[in-house]
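Working notes for the structure below.
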Amino acid sequence: MNCHAFSDLLYEYLDGTLDAEVQAAARQHLQHCDACRHALLREQAFSNLMRQSLSQAAAGLSVRPGTRHRVLKAIESRSTSVWARLVAWKSFILIRPGLAAALLLGGVLLIFGTTFRHRSAQADSLQGNEQNGLCTCVIDVPIQTQSHVFRRQGNTVVDSIVADLSFAHAGLSEEGNQLPLRSRPTSR
Amino acid sequence: MAEAQRACEPGKPASIDLQVLIDSHGDRLLRSAFLLCGDRTEAQDLVQETFLQALISVHRFRGESAVYTWLHGILLNLSHRHFRKQRHLLFEEERILKEPSIPTSPDQADQSFYANGLAVAVQKLSPEHREVIVLRYYGNLKIEEIAEQTGVSKGTVKSRLHYAVRCLEKLIPREMNLFVTGGTH
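Here you go:
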């Protein structure tokens with residue numbers, strides 16, 4: 051183990067949570083490394099000072115009287131408020147069923163209306179792009195091509211031509227200029 | 002844990018069991034809350050809310066950890082909300098790191114003086130760094146336990162601890178022989 055590795059495992063070494071082998075390696079490293087031994091002692095001293103310091107700062111604090119009462123009251127008021135809302139809504143439906151139905155319908159229409167408006171806005175945007183010549187168009191054009199297959203027959207080489215159908219991939223740029231054709235191989 | 006579970010059973014006198022929970026863990030939680038948030042009133046409110054949340058969510062506690070650890074986990078979550086409200090505040094870590102170490106005057110070179118100063122200095126750290134310092138040095142938690150409580154990796158805990166210690170080191174004079182040069186920190 052080197053100093054860098056020990057430094058990385060310093061806290062775990064103090065916690066005693068390293069594997070037995072690693073713990074032994076760290077202990078062995080400490081025996082001949084003054085710097086790491088110093089770092090360990092420093093951390094222990096810092097730890098003691100911090101413990102003392104924080105305990106002093108928080109000493110004498112105790113939970114204020116009546117905490118239990120306040121906690122129970124808070125639980126009661128929370129459950130009451132949820133129940134009260136449910137009861138109020140139920141009473142409202144019973145007393146004004148027409149108004150409740152109208153509100154519900156209004157809410158549903160609002161949701162549908164928003165969705166529909168969003169979709170039509172998207173469609174308008176696409177249409178507008180097409181009109182302005184900003185639409186990108188991609189077409190696949192079938193092209194008959196020929197390929198040569200060479201076979202050896204005795205001392206001569208025979209060339210046979212095989213017809214092949216491949217697709218050329220063409221596109222239009224935003225300005226309407228045609229992009230160069232690029233062939234895309236297809237399976238025979 | 003039995004006392005806490007009885008506390009929320011319907012028809013049972015919850016007050017008695019809750020009081021047992023408060024008596025057993027309340028003060029320790031409060032001190033931790035105070036060190037985390039730095040304000041006594043705020044700490045009392047945090048502890049009260051911790052017990053409230055504990056009673057509401059007691060059915061989720063499976064007894065895999067100690068009751069205090071469970072309660073402290075709730076307290077930490079609540080303190081995170083408190084910290085989020087403090088996001089607009091500027092913490093002084095960067096400034097502390099840039100400043101030279103505190104010079105010592107002979108009459109101040111006693112440990113208790115700097116111990117008090119250190120507790121104040123902890124409040125100048127950012128919430129994440131303060132949290133690991135409090136959990137490590139006040140809660141005596143191991144790196145693994147801090148990682149579990151805070152929901153971050155062990156590497157992150159060590160990195161935060163390392164940075165926070167570097168900040169606090171600046172506030173302790175060399176004459177105390179704690180931070181003389183030559184360590185791996």
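Going line by line, the protein sequences match chains A and B.
Per the numbering used here, residue 51 is the first one in the first sequence, and the count goes up by one each step.
Per the numbering used here, residue 2 is the first one in the second sequence, and the count goes up by one each step.
C-beta atoms are modelled at their ideal positions from N, C-alpha and C, and glycine is treated no differently.
Assigned secondary structure, residue i (DSSP; H/G/I helix, E/B strand, else coil)
i: V158/B; result: helix
i: S197/A; result: strand
i: K123/A; result: helix
i: F162/A; result: helix
i: N52/A; result: coil
i: V113/A; result: coil
i: R146/A; result: coil
i: N78/B; result: helix
i: A165/B; result: helix
i: S33/B; result: helix
i: E129/B; result: helix
i: R63/B; result: coil
i: D40/B; result: coil
i: P104/B; result: Low confidence applies to P104/B: its pLDDT is 44, below 50, so where it sits in the model is not reliable enough to give any reading.
i: L67/A; result: The displayed chain sequence assigns Thr, not Leu, to residue 67/A. Three-state DSSP puts T67/A in coil, outside helix and strand.
i: N98/A; result: helix
i: S58/B; result: coil
i: Q20/B; result: helix
i: Q73/A; result: helix
i: Q109/B; result: Note that Q109/B scores a pLDDT of 48, beneath 50, so its modelled location is shaky and nothing firm can be said.
i: Q124/B; result: coil
i: C86/A; result: helix
i: L142/B; result: coil
i: V153/B; result: coil
Strand pairing of residue i, partner residues [DSSP]
i: T206/A; result: Q203/A
Among the options, nearest to residue i - alpha-carbon criterion
i: V68/B; options: N141/B, L22/B, A44/B; result: L22/B
i: A242/A; options: L68/A, F56/A, A70/A; result: Because chain A in this structure spans residues 51 to 238, residue 242/A falls outside the shown range and cannot be described.
i: L169/B; options: K125/B, R137/B, L72/B, T151/B; result: K125/B
i: R101/A; options: W71/B, Y139/B, V121/B, V133/B; result: Y139/B
i: A165/B; options: L153/A, H79/A, F96/A; result: F96/A
i: F52/B; options: G118/B, R161/B, Q20/B, L136/B; result: Q20/B
i: G118/B; options: F162/A, G66/A, L99/A; result: L99/A
i: V48/B; options: P115/A, N205/A, G163/A, R87/A; result: P115/A
i: W24/B; options: D209/A, R167/A, A74/A, V113/A; result: Residue identity check: residue 24/B is Asp in the sequence provided, not Trp. Nearest option by C-alpha distance: V113/A.
i: K123/A; options: L56/B, I75/B, F84/B; result: L56/B
i: K155/B; options: V123/B, R167/B, R137/B; result: R137/B
i: E50/B; options: H119/A, V199/A, V208/A; result: H119/A
i: L90/A; options: D58/A, F162/A, V72/A; result: D58/A
i: C38/B; options: F84/B, Q54/B, S66/B; result: F84/B
i: E324/A; options: T70/B, Q54/B, Q45/B, R63/B; result: Nothing can be reported for residue 324/A: it is not among the residues displayed for chain A, which extend from 51 to 238.
i: Q45/B; options: H60/B, R29/B, V59/B, S58/B; result: R29/B
i: H130/B; options: T42/B, K171/B, H163/B, G64/B; result: H163/B
i: V153/B; options: N141/B, E132/B, K171/B, R167/B; result: E132/B
Counted within 10 angstroms of its Cβ, other Cβ atoms place residue i as buried (16 or more) or exposed
i: D18/B; result: buried
i: W139/A; result: exposed
i: P107/B; result: At P107/B, the pLDDT of 42 sits below 50, so the modelled position is not reliable; the number obtained from the coordinates is stated separately. Exposed, since its Cβ has fewer than 16 Cβ neighbours within 10 Å.
i: K159/B; result: buried
i: C53/A; result: exposed
i: T117/A; result: buried
i: E93/A; result: buried
i: A76/A; result: buried
i: R161/B; result: buried
i: I134/B; result: buried
i: H73/B; result: buried
i: I75/B; result: buried
i: S103/A; result: buried
i: V121/B; result: exposed
i: G27/B; result: buried
i: A171/A; result: exposed
i: H82/A; result: exposed
i: V123/B; result: buried
i: Q78/A; result: exposed
i: G12/B; result: Residue placement at G12/B cannot be trusted, given a pLDDT of 42 that sits under 50; what the coordinates show is reported in the next sentence. That one is exposed.
i: Q203/A; result: exposed
i: E71/A; result: exposed
i: S127/B; result: buried
i: V208/A; result: exposed
Just checking, does the region 143 to 152 of chain B make contact with the region 62 to 70 of chain A on the three C-beta pairs under 8 Å criterion? Note that the region 143 to 152 of chain B touches the region 62 to 70 of chain A; at least 3 beta-carbon pairs, one per stretch, sit closer than 8 Å.
The region 145 to 157 of chain A in contact with the region 76 to 83 of chain B per 3-pair CB rule at 8 Å: No, because fewer than three Cβ pairs between the region 145 to 157 of chain A and the region 76 to 83 of chain B fall closer than 8 Å, the two stretches do not touch.
Is the region 28 to 42 of chain B in contact with the region 106 to 114 of chain A, if contact means three or more CB pairs nearer than 8 Å? yes
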